[in-house]
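The numbering of the sequence shown is this note's numbering, which starts it at 51 and goes up by one. Below you'll find the structure, written out as structure tokens, and then a few comments.
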Amino acid sequence: MFKRNRHGIQIKSPEQLEKMRAAGLVVGRTLDLLKRSVEPGMTPLDLDSIAEKAIRDEGAIPSFKGYQGFPATICASVNDEVVHGIPTDARKLREGDIISIDCGAILDGWHGDSAVTVPVGEVDPKLTELMRITEESMWRGIAALRPGRHLSDIGHEIERYVKSQGRFGIPPEYGGHGIGTEMHMDPWIANHGRPGRGPVLEEGMCLAVEPMVNLGTERTRVLADDWTVVTIDGKASAHFEHSVAVTHNGPWVLTALDGGKERLTQLQT
51 MFKRNRHGIQ
61 IKSPEQLEKM
71 RAAGLVVGRT
81 LDLLKRSVEP
91 GMTPLDLDSI
101 AEKAIRDEGA
111 IPSFKGYQGF
121 PATICASVND
131 EVVHGIPTDA
141 RKLREGDIIS
151 IDCGAILDGW
161 HGDSAVTVPV
171 GEVDPKLTEL
181 MRITEESMWR
191 GIAALRPGRH
201 LSDIGHEIER
211 YVKSQGRFGI
221 PPEYGGHGIG
231 TEMHMDPWIA
241 NHGRPGRGPV
251 LEEGMCLAVE
261 PMVNLGTERT
271 RVLADDWTVV
281 TIDGKASAHF
291 EHSVAVTHNG
301 PWVLTALDGG
311 KERLTQLQT
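Structure representation (structure tokens):
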């Protein structure tokens with residue numbers, strides 16, 4: 051039996067949160083391996099093979115593979131690709147590229163989902179800053195996951211931080227989501243908006259917080275493969291994501307190896 055609140059959002063018991071944590075750690079360890087593996091000359095398909103082996107070696111199942119027809123274990127989005135890039139061997143990663151890697155796994159029926167953007171060798175300082183801003187905005191959003199706050203507070207904190215850093219685009223069509231016995235569940239989480247709106251956050255909610263930030267315009271389009279989202283102006287985009295549980299002690303970052311303690315502590319000081 052799975053408990054849901056009056057908004058239809060799944061509420062996990064402490065025992066179910068432990069299962070979510072186990073699935074999250076599979077994803078966290080896999081992404082850690084992928085970050086260390088990225089180098090010039092590799093293809094996104096090479097990374098996909100590494101990810102699938104790592105997930106299956108832990109007794110888990112890649113949650114992306116076959117999801118609505120998606121053909122791979124990870125989404126691999128390079129440079130101006132925002133999200134949902136299909137890994138292929140059609141091109142090799144080059145020095146100066148950035149690649150966003152989105153990864154999901156199912157363990158004992160529970161899902162973990164996380165993403166990171168990684169530089170390929172030395173990159174333009176503008177891209178380094180784009181990645182920093184996107185990751186920091188994610189942590190600002192995560193810090194809002196406390197009982198009694200509202201769902202829209204997450205996107206508000208993300209948008210407020212990004213806007214404080216300069217002129218960047220936040221694609222309005224894409225955002226975070228609930229997660230648990232399914233990879234994508236209610237509620238949808240915008241990466242922008244006014245605070246104090248939407249459902250009140252409760253202990254036991256699990257949400258995937260995932261800002262996407264573009265170096266230029268917020269406008270995007272989907273390529274002919276019906277998956278890959280790219281920026282209209284051809285400028286780079288970055289993407290970071292963690293699956294997070296709302297607890298009485300604050301956010302528990304299920305896909306972070308340390309549970310998010312280091313970064314969340316820094317935000318409190």
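Backbone N, C-alpha and C define an ideal beta-carbon position, used for all residues, glycine too.
| Query | Result |
| --- | --- |
| CB of Cys256 within 8 Å of CB of Met92, strictly | no |
| DSSP beta-bridge partners of Ala140 | Partner(s): none; Ala140 has no beta bridge. |
| C-beta atoms of Ala288 and Leu180 nearer than 8 Å | yes |
| CB contact flag (Pro352, Gly191, <8 Å) | No statement about residue 352 is possible, as the shown extent of the chain runs from 51 to 319 and does not include it. |
| Burial state of His134, where buried means 16 or more other Cβ atoms lie within 10 Å | buried |
| Distance CB(Glu253)-CB(Ser164) smaller than 8 Å | no |
| Beta-carbon proximity of Glu131 to Val280, cut-off 8 Å | yes |
| Alpha helix (DSSP H) segment containing Arg217, residue limits | Taken as a continuous stretch (DSSP letters only), Arg217 belongs to no alpha helix (DSSP H), as it is neither H nor E. |
| Closest by C-alpha distance to Asp139, when choosing among Asp98, Cys153, Pro175, Arg199 | Asp98 |
| Contact under 8 Å by Cβ, Val263 with Ile220 | yes |
| Supposed close pair Ala194, Leu317 - CB separation, criterion 8 Å | That pair is no contact at about 10 Å. |
| In DSSP terms, what Pro301 is bridged to | Val296 |
| Rounded separation between Gly154 and Ala72 - CA only | 12 Å |
| Residues near His57 in its chain [Cβ-Cβ closer than 6 Å; skip 5 each side] | Pro249 |
| His200 - partner residues in DSSP beta bridges | Val250 |
| Which listed residue (Pro197, Gly216, Glu207, Arg141) has its alpha carbon closest to that of Thr267 | Gly216 |
| Residues of its chain near Pro90, where Cβ-Cβ distance is below 7 Å and the 5 sequence neighbours each way are ignored | Leu143, Arg144, Glu145, Val170, Gly171 |
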